[in-house]
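Visitor:
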Amino acid sequence: MIKKSLYALAVAATTMLAACGGGGSSGDPAPAPTPPEAKVEGPLDAVQDPLSSQVFAALAAALAGTPLEAVVNSADDIVVRDVLDIVDALALALQEAAQTQNPAALAGAADDIQASVTQLAADLQILLNHLAASSGGTPGAANPLAGTPLEPLGAALSPVLAQITGGLGGSNAPDLNLTQLAQVVSVLNQQLQSGLAQVPAEARNAPVVGGVFSTLSVALNDVSDTLDMAGAYNGQGTAAALETTLNHTLVNVLTQVVPVAFIEQQAGQPGVLSGQIEAAAAQVSAALGDNLGTVLTPALETVLGSALAPLLDPVENQVLPMILTPVIDALSGGGSGGSGPTGTPLDAVLVTVTEALDGLLGGAVPCLFAGTPLAMLCTLLP
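If you're matching positions, the sequence shown starts at 17 in this note's numbering and goes up one per residue.
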């Protein structure tokens, strides 16, 4: 019974949740066991390390002292470490399959992927708790987001996350093969998409948080599709899926989590910056797809690093400072809020981001939070 497929466990959990009316009650705290952090060492390190240190770290620094800081850090863990570690594990397996002319070598990635999927579930649970802390929910509860506008997301995800972290972590965990892991991720993806579909559109479209939601949505879809290919030992299909996953991840992080697309929308000029980012991201992902199985792993890492630099350098040195410098300046200057609408450093962020956008867009920009659950702040800001 211990080695029962997690797919069946997850389906049973979600069926039970539906029968109980959606799990709206916060209930007793039910923290899931957190597995030791896993890290796959492979060619994608050339993407993961700079993406985390040059982009997510800059966002977190700008939002330090605000509720969004923890959300951004969680997104970094989930997207850069967990999702791209799965890509990394499969890239290594494809390298071996090409060198040995044995498609079954893909099966060797299962252990690393299981560790990454378990860590992914643990980090998603941490994200739910951070969202609960900033929205009036109950961190650590069965559904941390109960009683908040994000309640459906917690109701859909929490039972499956507990099943994954409890069922795949620890010394007694079953060893799943690629097909079983694909089933686990498929269930996780279905629950994420179901929960996000029920979240108010205003939250899905809000700056930064909405970008995190859309990035996670696409990333889980991509990982699910990739593992389906890997489980069928389809090397060519797996390579193509890895290229797509990397492309989508880069584009979504650099245009959605970093609110480039939001700024373009407010300016009425879609694609001014994001179009260039998308073209450069396509070159990076093509470098992965074109070289998988044809060059050795150290050389592939160098190729990816060389392809990424022309994309991240202008983002780090031009786009991010343009958007985030006013926020950092306000917070480092001691803007603690106090008399503002929230009484926290978030007040400085709300004001300075709005002013920064106003300067970027020639003074013709509405309140940053218009049309979102924080719209009431628009009447309180200078």
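Cβ atoms here follow ideal geometry from the backbone N, Cα and C, with glycine treated the same way.
Distance check for M338 and L236, CA to CA, integer angstroms please.
Guide: 30 Å
Visitor: In chain order, what residues of the same chain lie with their CB nearer than 6 Å to the CB of T195, ignoring the 5 residues before and after it?
Guide: G247
Visitor: For D101 versus Q141, is the C-beta distance shorter than 9 Å?
Guide: no
Visitor: Please classify E400: does DSSP put it in a helix, a strand, or coil?
Guide: Lying before the first or after the last residue shown, residue 400 is absent from the chain, which here runs from 17 to 398.
Visitor: Using a Cβ-Cβ cut-off of 7 Å (strictly less than) and excluding sequence neighbours within five positions of E317, which residues of its own chain qualify?
Guide: If you ignore the 5 residues before and after E317, its C-beta comes within less than 7 Å of the C-beta of P59, D61, A62, all in its own chain and listed in chain order.
Visitor: Counting along the chain, where does the alpha helix (DSSP H) carrying G124 start and finish?
Guide: Counting along the chain, G124 falls outside any alpha helix (DSSP H), and DSSP gives it neither H nor E.
Visitor: On the DSSP letters alone, give me the boundaries of the alpha helix (DSSP H) that E218 sits inside.
Guide: 217 to 220
Visitor: To the nearest angstrom, how far is the alpha carbon of D306 from that of G124?
Guide: 22 Å
Visitor: Smallest Cα separation from L258: which of V225, L270, S240?
Guide: S240
Visitor: Just to check my reading of the structure: I293 and V276 have Cβ atoms closer than 8 Å, yes? What is that Cβ distance to the nearest angstrom?
Guide: 7 Å
Visitor: Which residue comes first and which comes last in the alpha helix (DSSP H) that contains E167?
Guide: Element bounds for E167: 167 to 184.
Visitor: From V99, A296, N221, pick the residue whose C-alpha is nearest to that of S68; which is it?
Guide: V99
Visitor: Given this structure, state the Cα-to-Cα distance separating L243 from A121, to the nearest angstrom.
Guide: 14 Å
Visitor: Would you report the Cα separation of S150 and I279, rounded to the nearest angstrom?
Guide: 24 Å
Visitor: Could you check what DSSP says for N333 in three-state terms: helix, strand or coil?
Guide: For N333, the three-state secondary structure derived from DSSP is helix.
Visitor: If we call anything under 9 Å between Cβ atoms a contact, is V228 one with T265?
Guide: no
Visitor: With a threshold of 8 Å (Cβ to nearest heavy atom), would L100 be considered close to the ligand GTP?
Guide: What this structure holds is no ligand at all, so the ligand GTP is not there to describe.
Visitor: Using beta-carbon positions only, say whether L75 and L308 come within less than 9 Å of one another.
Guide: no
Visitor: Run the CB neighbour count on V288, radius 10 Å, all protein chains shown included, and call it buried at 16 or more, exposed below.
Guide: exposed
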